[in-house]
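All letters in the sequence shown, in the order written, are residues 1 to 313 by UniProt numbering.
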Amino acid sequence: MVRIYTKRGDLGETSLYDGTKVRKDDPRIILNGTLDEVTSALGIAQSKAPSKVSNWIAELQAELIEVMAYIARGKADKGRVSSTELERRIDHLISEYPFYNKFVLPGDDETSAALHLARAFARRAERVGLKSLESNLIDGEAYRYLNRLSDYIYVLAVSAYWESAIRKITKLVVTKMNKDISGLDAQRARELINEGRRKAQEIGVPMAMAVCDSYGFLIAFERMEGVLQVSLGLAPKKASTAIKLKMSTEALSRLVQPGKDLYGLQNDPELVVFGGGLLLKDGAEIVGAVGVSGGSVEQDVSVAEAMVRAWER
């Protein structure tokens, strides 16, 4: 069975890589403990990061394992780390993303916030690492690496912010495109018209039915045989009225009564202020509207409601 606890450190001692026993407040142990905090915070960031940034973070985590192994050896011989390599990465990221000369408040997104936490731990590693340098426990290049580490994590945080912003914008654009393609298109509008026709046939009243998009432009229209001629203009106008006022025309009819908030709008020739126009929504977003005319207000509303139910299925 794997042993998690050994009890060998109960007296405040631990061992270096070569077996040398040292106190737990030895400068090398403190430095490695701080770098462990850095890698843990990097792990949080890596779990949330866009793939490109995630790869950079994973690369740095693996590198820090080597750094900690070097420190735990207890010798100031030449390590395998390179401060110039960190400088190269820093310069590359600065050339790829916008950077502004101002103080950054962490919190815009989870990845960059976790990276700023790692950066703060890296700054502490610089401070506690100075004692190991002065005691000749690490070499000058290792300390230069520690000094560049917080700078590199800072530019990683800024880069992660921009990558996350790009990902969010891309997701919004794709979502909008998908809605345009698979949402309220001409084919779907025709399906709503077909459902409206079935309902109109069920109640035995010929109807004019219209479907418009979120801007009020007509997508589909149908007039049944025998529908009143006046209904041909009313159906599209009911749909566009619902879009313009962001409410059903039935709800609007109550607000244009004398003494109500929208009294006077009933005189606008571009609006229809009685039932038969209903909104189509995707969640809270208005994506279009239907308009029905041909029967009584109640009959128009019942056909429009059938079309909306078809949309929501």
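Think of the CB as a built atom: it goes at the ideal place given N, C-alpha and C, for glycine as much as any other residue.
When we look at the beta-carbon of residue i and count the other beta-carbons within 10 Å, is it buried (16 or more) or exposed?
{"i": "Phe217", "result": "exposed"}
{"i": "Asp300", "result": "buried"}
{"i": "Asn32", "result": "buried"}
{"i": "Lys238", "result": "buried"}
{"i": "Asp26", "result": "buried"}
{"i": "Glu250", "result": "buried"}
{"i": "Gly291", "result": "buried"}
{"i": "Ala49", "result": "buried"}
Got a sec, what are the start and stop residues for the alpha helix (DSSP H) residue i sits in?
{"i": "Thr84", "result": "Ser83 to Glu96"}
{"i": "Ser47", "result": "Pro27 to Lys48"}
Indicate whether residue i and residue j have their beta-carbon atoms separated by less than 7 Å.
{"i": "Ala114", "j": "Gly107", "result": "no"}
{"i": "Thr14", "j": "Arg124", "result": "no"}
{"i": "Ser164", "j": "Asp109", "result": "yes"}
{"i": "residue 314", "j": "Leu184", "result": "No answer is possible for residue 314: the residues shown for the chain start at 1 and end at 313."}
{"i": "Val38", "j": "Ala142", "result": "no"}
How is the beta strand (DSSP E) around residue i delimited, first residue to last?
{"i": "Ala220", "result": "Leu218 to Arg223"}
{"i": "Lys281", "result": "Gly277 to Asp282"}
{"i": "Lys21", "result": "Lys21 to Arg23"}
{"i": "residue 385", "result": "As shown, the chain starts at 1 and ends at 313. That puts residue 385 outside it, with no answer to give."}
{"i": "Leu286", "result": "Looking at the sequence itself, residue 286 is Ile, so the reference to Leu does not match. Here the beta strand (DSSP E) through Ile286 covers Glu285 to Ser293."}
Identify which residue in the options has its Cα closest to the Cα of residue i.
{"i": "Phe274", "options": "Ile286, Gln257 and Trp311", "result": "Gln257"}
{"i": "Asp213", "options": "Met224, Arg190 and Trp56", "result": "Arg190"}
{"i": "Ala242", "options": "Ala210, Leu16 and Ala62", "result": "Ala210"}
{"i": "Glu63", "options": "Leu184, Glu85, Pro50 and Arg73", "result": "Glu85"}
{"i": "Met68", "options": "Leu93, Leu184, Val81 and Arg313", "result": "Val81"}
{"i": "Val276", "options": "Ala284, Glu312, Gly196 and Asp268", "result": "Reading off the sequence shown, one finds Gly at residue 276, where the question assumed Val. Measuring from the Cα of Gly276, the nearest candidate turns out to be Gly196."}
{"i": "Leu93", "options": "Val173, Lys52, Gly129 and Lys131", "result": "Lys52"}
{"i": "Pro98", "options": "Thr170, Asn147, Asp139 and Ile166", "result": "Ile166"}
Apart from the five residues just before and just after residue i, which ones in its own chain have a Cβ nearer than 7 Å to its Cβ?
{"i": "Leu245", "result": "Leu252"}
{"i": "Ser54", "result": "Gln46"}
{"i": "Ala232", "result": "Note on identity: in this sequence residue 232 is Leu, with Ala being the wrong assignment. Excluding positions up to five away in sequence, the list reads Ala208 and Arg223."}
{"i": "Trp311", "result": "Leu192 and Leu280"}
{"i": "Tyr161", "result": "Asp108, Asp109 and Ser112"}
Once you ignore the five residues that flank residue i on each side, which residues in its own chain have a CB closer than 8 Å to its CB?
{"i": "Ala203", "result": "In the sequence as displayed, the identity of residue 203 is Ile instead of Ala. Gly295, Gln299, Ser302 and Val303."}
{"i": "Arg119", "result": "Ser150, Ile153, Tyr154 and Ala157"}
{"i": "Ile29", "result": "Thr14, Val22 and Arg23"}
Only counting the same chain, and skipping five residues up and downstream in sequence, which positions put a Cβ closer than 6 Å to that of residue i?
{"i": "Leu117", "result": "Ala41"}
{"i": "Gly226", "result": "Pro206"}
{"i": "Lys24", "result": "Gly12 and Thr14"}
{"i": "Ile181", "result": "With a pLDDT of 47 at Ile181, under the threshold of 50, the modelled position of this residue cannot be trusted, and the question is left open."}
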